[in-house]
Amino acid sequence: MEYKETIYEKDGHIATVTLNRPERRNAWTFTMRDEVYHALKDAERDDQIRVIIITGAGQSFCAGADLSILSGQSKEPTEIPAELKDPVKHFTYPHQILKPIIVAINGPAIGWGVTLILFWDIRIAAESAKFSAMYPRRGLAMEGGASWLLPRIVGLGKALELAFTARTISARDALELGLVNHVVPDGQLMAKAREIANEIAENCSPVAVAEIKREVYEHLATDLAAAVKDDVDTFDALYKTADFKEGIRAMMQKRAPNFPGKR
Numbered sequence: 069m070e071y072k073e074t075i076y077e078k079d080g081h082i083a084t085v086t087l088n089r090p091e092r093r094n095a096w097t098f099t100m101r102d103e104v105y106h107a108l109k110d111a112e113r114d115d116q117i118r119v120i121i122i123t124g125a126g127q128s129f130c131a132g133a134d135l136s137i138l139s140g141q142s143k144e145p146t147e148i149p150a151e152l153k154d155p156v157k158h159f160t161y162p163h164q165i166l167k168p169i170i171v172a173i174n175g176p177a178i179g180w181g182v183t184l185i186l187f188w189d190i191r192i193a194a195e196s197a198k199f200s201a202m203y204p205r206r207g208l209a210m211e212g213g214a215s216w217l218l219p220r221i222v223g224l225g226k227a228l229e230l231a232f233t234a235r236t237i238s239a240r241d242a243l244e245l246g247l248v249n250h251v252v253p254d255g256q257l258m259a260k261a262r263e264i265a266n267e268i269a270e271n272c273s274p275v276a277v278a279e280i281k282r283e284v285y286e287h288l289a290t291d292l293a294a295a296v297k298d299d300v301d302t303f304d305a306l307y308k309t310a311d312f313k314e315g316i317r318a319m320m321q322k323r324a325p326n327f328p329g330k331r
């Protein structure tokens with residue numbers, strides 16, 4: 069694919085996807101949607117990639133949906149990925165990509181920009197980042213499952229206050245609420261994202277990390293008994309993997325592991 073509104077790069081075990089419409093504050097378009105999807109699916113298929121970072125170009129992360137979409141003037145392309153035609157998978161497919169997705173929020177995340185970050189795994193914000201679920205100020209309700217995810221991330225009361233008021237909050241406010249994991253000075257944002265990505269890629273079994281991500285998201289929709297059974301079955305299955313054997317060897321030899329990423 070030719071990337072026109074995003075930048076897709078690979079460096080060792082890390083893939084980076086950059087929303088690249090800085091002149092439009094990275095407002096979301098159908099083209100950007102398809103390119104992000106394509107990049108994430110490519111990273112999923114690439115055995116060398118173990119962690120994905122997503123960020124924005126310029127001073128904004130994502131200012132929401134482009135006005136051409138909101139006004140109905142922008143039309144869906146004739147050919148779109150089949151998975152995106154499903155109204156549920158359209159939003160939730162990042163949960164099925166069993167590699168950690170870190171979002172480095174470099175500036176304002178507004179409307180759809182907030183919804184996006186809810187579906188990615190680890191959220192890091194620059195100090196200049198701001199957040200607003202601005203929907204009711206435009207006569208809209210929450211979209212794409214944000215009403216389900218936001219309360220699970222920040223708690224029911226906090227989620228409702230954010231949604232009802234549609235107020236803009238700072239990065240520090242977002243950290244206090246639990247919406248983001250870390251807040252760092254603007255110039256240290258990507259360094260922090262890569263620090264966490266490298267910690268995962270260099271020290272943790274890709275097979276185990278994939279199973280952890282699967283378990284966590286699947287178990288949001290199960291009861292405790294089902295989660296316990298799945299955890300036990302998965303734990304037992306991992307005993308047989310090449311990654312587990314390498315993890316034990318590394319521990320006994322008192323060295324860093326070199327996980328093959330294989331079962």
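All the letters of the sequence shown, read from the start, carry residue numbers 69 to 331 under the working numbering. For each residue, glycine too, the CB sits at the ideal point set by N, CA and C.
Check: Would you say Leu184 and Leu218 are within 8 Å of each other, going by their C-beta atoms?
Finding: With a cutoff of 8 Å on beta-carbon distance, Leu184 and Leu218 are scored as not near each other.
Next item on the list: Let me know the secondary structure DSSP gives Phe199 once reduced to three states.
Entry: Note: Phe199 maps to strand in three-state DSSP.
Margin query: Do Ile264 and Ile190 count as a contact pair if the criterion is CB distance below 8 Å?
Written below: Going by C-beta atoms, Ile190 is nearer than 8 Å to Ile264.
Note to self: Please identify the residue among Lys72, Val156, Val275, Phe327 whose C-alpha is closest to the C-alpha of Ile305.
What the structure shows: Here residue 305 turns out to be Ala, not Ile, going by the sequence shown. In this structure, Val275 is the residue among Lys72, Val156, Val275, Phe327 with its C-alpha nearest to the C-alpha of Ala305.
Notebook entry, point to check: When you compare only the Cα positions, how much space is there between Ala95 and Ile137?
Noted result: Linking Ala95 to Ile137 through their CA atoms gives a straight-line distance of about 10 Å.
Note to self: Can you find the residues in the same chain that come closer than 6 Å, C-beta to C-beta, to Ile122, ignoring five residues on each side of it along the sequence?
What the structure shows: Val85, Val171.
Next item on the list: Could you say if the region 197-204 and the region 155-167 meet the contact criterion of at least three C-beta pairs nearer than 8 Å?
Entry: Contact between the region 197-204 and the region 155-167 is not established, with fewer than three Cβ pairs separated by less than 8 Å.
Item checked: 8 Å Cβ cutoff met for Trp188 and Pro162 -> Against a cut-off of 8 Å, the Cβ pair of Pro162 and Trp188 comes out as a contact.
Check: CA-CA distance, Arg93 and Gly179?
Finding: Spanning the two alpha carbons is a distance of roughly 13 Å.
Next item on the list: Give me the Cα-Cα distance between Asp134 and Leu243, rounded to the nearest whole angstrom.
Entry: Annotation: Asp134 to Leu243 spans about 27 Å, alpha carbon to alpha carbon.
Next item on the list: For the alpha helix (DSSP H) containing Leu217, list its first residue and its last residue.
Entry: That run of the alpha helix (DSSP H) goes 214-222.
Next item on the list: Put His287 into one of helix, strand or coil per three-state DSSP.
Entry: Helix at His287.
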